[in-house]
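Below is one structure, written out as structure tokens; the observations come after it.
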Amino acid sequence: MYILKTFELIREAFQRYPLRSLLIVVCMLLAGLSEGVGVAIVLPVLSIAIGEGGAATTEFGGTVTEILAVVGIPATLTALLPLLVLGFALKAILVLLAMQQIGFAAAHISTDLRLTLIRELMEVRWSYFASKPLGGFANAVSTEANRGGAAFTDAYTIIAVAIQVVIYLSLAFVLSWRVTLAAMVAGAVMALVLGYFIGMTRRAAKKAATSYSLLLGRMTDILAGIKPLKAMAAESRIAPLITHEAESINHAMQRLIIAKEGVQALREPIIILFLATGLYSVLSVGSVPFEMALMMGLLFHRAVNQIARLQSAYQQLTADEPFYRRLTEMIDSTIQEKERFTGNGAPKLDQSLRLEGVTLSFAGKTIIDDVTLSIPLGRITTLIGPSGAGKTTLSDLITGLYEPDSGSVLIDGVPLKDLDIQAWRQQIGYVPQEMFLFHDTVMNNITLGDPSLGAAETEAALRAAGAWEFVSAMKAGLNTEVGERGSKISGGER
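So the mapping is simple: our numbering equals the position in the sequence shown, first residue as 1, plus 3.
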């Protein structure tokens, strides 16, 4: 039932950009009609070219000639050829406009998907981050967002080509119902014969989408620890960690190439077989004028080629759609894992933080068990204990990153759950165990890009932290780039 997912994607495209989608449909409809006019004029042109003068030797040709006469266009080469060129030129302009709109829509959709994921990620519960590989998020924002936009390009292309298929089949039906039937049968045969390759494309694309995410997740972990790996000459041990995913992508890409080229290779012989059979049948009868036979062959070839384009667009959609589905599934999961705050009280700390009978468990393992602790204001409080005792987890409870299974976290006697958590966090200065800096300037690492904070505020913060002396001594001062995770400055300076 994969075809239903295709219609669902087309429906989503119209819901996201209804006016742009309507413009694309109108442009392709007008483009098809313009091309149809050009093709219809071919028959009178052929009649003149083979020596029949302006006379129409077929009913279809006569109808076209009569219509032209009504609008004052004589059935002569000097009048028909410019009209033929004009029809195809207008079609080209309209197709260009439609494809431009398709490209714009796909770009907007990629951007919307990317920004939506980023916004939702910033609002999820901390436990969600702790349970997911970070490389998967990076892959979603880059590869999957791009391929998601490409999936909509494919969906719009299917709409555009389908319109042209309908117009060509309609024109062929006016000329000869046999041509229409032959084109439809040829299209059905191609769909049956080439359906195997489209299924191969779908399976390989799903495998590639999963493997890309796993590979990028693994590479993110490796690059985060590249310094100690190099310090211990352990780089050679990295390859086995990513070999499986890399080989999986390689296998998927090979299958995608086989599927794509298989369709291309088998399609042409099928078209030629039907075309040759049809021409032989028509010409062997002897009563069909030569120009009519050529026209029937032209319409058959054009109609079947459009059907082939439709199948190619569908095949490409099956290659891009799994990436889009993975991305939307991630967006849906982030929405479900969004932090839910019920409190709205203004946080105020004048006395102390207090944990009363706090218990917290992860995956059935108790990390904090009935802890009661008071942290007075204005004093340095140090938590000492063995690794895994729950020291970091206590700070996570105080910042509201986790909610206790039982007990309460109190701010001046007020339960943290009753306060505005975001306002509370804005009063916290958090220094993690794993030092982290953006690959950016000193100033942007301190201000986090806040446009309301300038050099004066940044300098004041550095002076308060006792870091202004070494920062001011840097060649570029506040504009010094600190490197990946602060690799260009010393550990103490970080």
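We treat Cβ as the ideally placed atom computed from N, Cα and C, and that holds for glycine. Keep in mind that this is a model prediction, so the values were computed, not measured.
State the DSSP-derived secondary structure class of G348, mapped to helix, strand or coil. strand
Secondary structure of R428, DSSP reduced to three states: helix
In DSSP terms, what V412 is bridged to: L358
Less than 7 Å separating the beta-carbons of G35 and Q167? yes
On the CB-based measure, 16 or more other CB atoms within 10 Å of its CB, does P21 come out buried or exposed? exposed
Beta-carbon separation (whole angstroms), A426 vs I449, contact threshold 8 Å: So it is not a contact: roughly 21 Å between Cβ atoms.
Quick one: grab the DSSP three-state call for T461. helix
Within a Cβ cutoff of 8 Å, which residues of the same chain sit near A110, ignoring the five residues on either side of it in sequence? G152
Closer than 6 Å by C-beta to L174: which residues in its own chain qualify, once you throw out the five before and the five after it? Chain order, please. G39
Does DSSP classify I371 as helix, strand or coil? strand
Can you look up F365 in the DSSP assignment and give me helix, strand or coil? strand
Status (buried if at least 16 other CB within 10 Å, exposed otherwise) for G190: buried
Three-state secondary structure (DSSP) at S173? helix
Go ahead and label P389 buried or exposed: buried means 16 or more other beta carbons lie within 10 angstroms of its beta carbon, across all protein chains shown. exposed
Alpha carbon to alpha carbon, how far is G138 from T223? Give it in angstroms, no decimals. 5 Å
In chain order, what residues of the same chain have a beta carbon less than 6 Å from the beta carbon of R23, not counting five sequence neighbours either side? Q104 and A108
Residue closest to S251, alpha-carbon to alpha-carbon, out of A467, R270 and L218: L218
Environment of K94 [buried if 16+ CB atoms lie within 10 Å]: buried
Tell me, please, which residues DSSP counts as bridged to V127. K341
Using three-state DSSP, classify A484 as helix, strand or coil. The question names Ala, but residue 484 is Glu in the sequence shown. Looking at E484 - three-state DSSP - the assignment turns out to be strand.
Spatial neighbours of T114 in its chain, beta-carbon cut-off 6 Å, leaving aside the 5 residues before and after: none
Can you tell me whether DSSP reads I241 as helix, strand or coil? coil
So D423 and P350 are in contact, right, with Cβ under 8 Å, and what is the actual spacing, rounded? 6 Å
Verify whether the separation of the beta carbon atoms of Q318 and I241 is less than 7 Å. no
Assuming Y215 contacts T280 (C-beta within less than 8 Å), just tell me the rounded distance between them. Not really, about 45 Å apart at Cβ, beyond 8 Å.
Can you tell me whether P85 is buried or exposed? The criterion is at least 16 other CB atoms within 10 Å of its CB, across all chains shown. exposed
So the candidates are F91, A143 and V196; which of them puts its Cα closest to the Cα of E271? V196
Is it buried or exposed, L259, if we count other Cβ atoms within 10 angstroms and call 16 or more buried? buried
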